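Only one structure is covered here, and it is reproduced in the block below.
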Amino acid sequence: MVEAVQDARVVVTGAGGGIGAALARRFAAEGARVVVNDLDAAKAKAVADDIGGIAVPGDASAVVDEAREALGGTVDVYCANAGVGSGGNEAADESVWALAWDVNVMAHVRAAHALLPDWLERGRGRFVSTVSAAGLLTMIGAAPYSVTKHGAYAFAEWLSLTYRHRGVTVHAICPQGVRTDMLTASGSAGDLVLTPTAIEPEDVADALFKGIEEDRFLILPHPEVAAYYQARAAEPDRWLRGMNRLQRQWEEGNAR
28 MVEAVQDARV
38 VVTGAGGGIG
48 AALARRFAAE
58 GARVVVNDLD
68 AAKAKAVADD
78 IGGIAVPGDA
88 SAVVDEAREA
98 LGGTVDVYCA
108 NAGVGSGGNE
118 AADESVWALA
128 WDVNVMAHVR
138 AAHALLPDWL
148 ERGRGRFVST
158 VSAAGLLTMI
168 GAAPYSVTKH
178 GAYAFAEWLS
188 LTYRHRGVTV
198 HAICPQGVRT
208 DMLTASGSAG
218 DLVLTPTAIE
228 PEDVADALFK
238 GIEEDRFLIL
248 PHPEVAAYYQ
258 ARAAEPDRWL
268 RGMNRLQRQW
278 EEGNAR
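Residue numbering for the sequence shown follows this note's numbering, beginning at 28 and increasing consecutively.
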């Protein structure tokens, strides 16, 4: 058992399936009391019933107050997991960009805004942001997703450097492919880049809990991402050339 989460009051957004459901189940197994949030009320209830948690369906951007009340007045751990895998390029409709910004970035900002006063007063709180390796690197064929996941990572990083001395712990989870509905929806780009090394949602939960035990900000369920991230920073032009080769390979495959 991980002592840091035993008896903790936890909220997991986007927890009706995939990574969110795996996180909710793991927190419950570790002795936490868990609010399961999802836009799909039936899915939220099914996971909550399965783990002895509390279903609070609805928009992740506005769940904090209701979740706090359901947990008896306090949230100890907030998992900002809900996300949208918006594909497309610069020509994607502005509504697609707006939804990606709202769910992948602003929902995290709104949650932090609601949580921080209590956390700073108590001197403790834990914010878990499900980002993506796309937030450290990028993803071909998915400009709205890549750009907003960079934003999600930047916000998590900012939270950590701003409030860690006041007791707020932040974790940014950055997996590559995970066998979820979002991976299925990623189409041929996902098949090329993500599917070959895809892991299970439970592997992401395992990586997070190891990171909690080790008090690490950056959680990499795919350890090889660390080398990619270092290469991107050290030799950006070489890295971009390599990614462009991948882009061309994807375009050629779609042209057949």
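In this text, a Cβ means the ideal position worked out from N, Cα and C, and glycines have one as well.
Computed from a predicted model, the values in this text were never measured in an experiment.
Query, Result
"Tell me whether Phe154 sits in a helix, a strand or coil according to DSSP, three-state version.", "strand"
"Count Cβ pairs between the segment 141-151 and the segment 171-179 that sit closer than 8 Å; are there 3 or more?", "no"
"Under 7 Å between the Cβ atoms of Val155 and Pro202?", "no"
"With H, G and I counted as helix, E and B as strand and the rest as coil, what does DSSP make of Thr196?", "strand"
"Are the segment 103-117 and the segment 35-47 in contact at 8 Å, needing three or more beta carbon pairs?", "yes"
"On the DSSP bridge list, what partners appear for Leu221?", "Answer by DSSP bridge pairing: none, since Leu221 is not bridged."
"In the DSSP assignment, what are the bridge partners of Gly115?", "Ala169"
"What is the DSSP secondary structure of Arg243, counted as helix, strand or coil?", "coil"
"So what does DSSP say about Ala109, is it helix, strand or coil?", "coil"
"Out of Val197, Leu50, Pro84, Val104, state which residue places its alpha-carbon closest to the alpha-carbon of Ile78.", "Leu50"
"Give me whichever residues DSSP pairs with Ala82 in a beta bridge.", "Val63"
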